[in-house]
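Below is one structure, written out as structure tokens, with a few remarks after it.
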Amino acid sequence: MILFSPIGTADPITALGDGPMLHIVRHYRPIVVVLFLSAEIAAFENADRRYSAAITRLAPETDVRIVTYTNPSVHRFDLFVPVFRNHLVELSAEFPDRTILLNTSSGTPAMQAALVAINVFGIPRTTAVQVSTPARALSKPGDRESPDAYDLELMWDANDDNQPGAPNRCFEATSAALGVNRPGESGDSLI
Numbered sequence: 001m002i003l004f005s006p007i008g009t010a011d012p013i014t015a016l017g018d019g020p021m022l023h024i025v026r027h028y029r030p031i032v033v034v035l036f037l038s039a040e041i042a043a044f045e046n047a048d049r050r051y052s053a054a055i056t057r058l059a060p061e062t063d064v065r066i067v068t069y070t071n072p073s074v075h076r077f078d079l080f081v082p083v084f085r086n087h088l089v090e091l092s093a094e095f096p097d098r099t100i101l102l103n104t105s106s107g108t109p110a111m112q113a114a115l116v117a118i119n120v121f122g123i124p125r126t127t128a129v130q131v132s133t134p135a136r137a138l139s140k141p142g143d144r145e146s147p148d149a150y151d152l153e154l155m156w157d158a159n160d161d162n163q164p165g166a167p168n169r170c171f172e173a174t175s176a177a178l179g180v181n182r183p184g185e186s187g188d189s190l191i
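Heads up, the sequence shown is in full-length UniProt numbering, so the first residue is 1 and it goes up one at a time.
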């Protein structure tokens with residue numbers, strides 16, 4: 001499997017447990033993880049490698065790749081669809097027999113919406129994965145640390161998702177669940 005993941009402030013670990021990206025890595029064990037970082041998030045990775053280091057600590061065999069997006073308009077859904085699709089088509093060509101997972105729980109709302117749309121249209125074929133918060137509820141103030149003073153070692157040691165038997169909070173959002181049939185999925189409605 002391959003994971004394509006925008007990154008947000010809940011990544012890699014919050015006060016309550018794994019952020020969405022790390023939780024997908026924990027439960028799916030992709031061979032490649034492509035981290036899509038805004039310029040602001042890339043500054044945190046450049047400073048302390050918090051995202052790539054968390055993946056390497058959990059799954060050292062994983063190939064971590066980083067894409068930095070420098071356009072400041074991270075709120076623009078329409079900009080992300082072609083950008084993401086281009087990256088996903090390249091991954092699909094490089095790994096034609098691998099499932100491409102999309103993290104639809106990290107990044108900006110525009111990034112999340114763009115990935116859901118790409119998944120629905122199915123070009124290329126992907127699997128959208130959503131991750132519930134550790135509390136399985138809305139995030140509250142205090143659930144996330146200040147990204148400016150992040151301590152990966154401290155967060156790792158306090159992470160309840162490292163405990164045996166910790167629940168899997170991932171679930172796959174199918175196009176059928178969204179009320180959409182992709183081309184070739186079902187012709188019953190046309191007969």
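Idealized CB from N, CA, C, for every residue including glycine.
ask   = Which first and last residues belong to the beta strand (DSSP E) in which N103 is found?
value = Note, N103: beta strand (DSSP E), I100 to N103.
message = Just to confirm my understanding: we take H23, look at its own chain, exclude 5 residues before and 5 after, and list those with CB closer than 7 angstroms. What are they?
response = Closer than 7 angstroms at Cβ, skipping near neighbours: V131, D161, R169 and C170.
Spatial distance of E94 from D157 (CA atoms) = Taking the straight line from one Cα to the other gives about 36 angstroms.
request  = Could you tell me the boundaries of the alpha helix (DSSP H) in which Q130 lies?
outcome  = That residue, Q130, is in no alpha helix (DSSP H); its beta strand (DSSP E) goes T127 to V131.
ask   = Should D18 be labelled buried (16 or more other beta-carbon atoms within 10 Å of its own) or exposed?
value = The C-beta of D18 has 16 or more other C-beta atoms within 10 Å across all chains shown, which makes the residue buried.
message = Looking at the secondary structure, which residues open and close the alpha helix (DSSP H) in which Y28 lies?
response = Element bounds for Y28: P20 to Y28.
request  = Pull up the DSSP beta-bridge partners for F4, would you.
outcome  = Answer by DSSP bridge pairing, in chain order: V34 and L102.
key: Simplified DSSP state of S189, which is helix, strand or coil   = In this prediction, S189 has a pLDDT of 43, which is less than 50 and means its spatial position is unreliable; what the coordinates show is noted afterwards. Helix at S189.
ask   = In chain order, what residues of the same chain have a beta carbon less than 6 angstroms from the beta carbon of D63, not counting five sequence neighbours either side?
value = Result list for D63: V32, in chain order.
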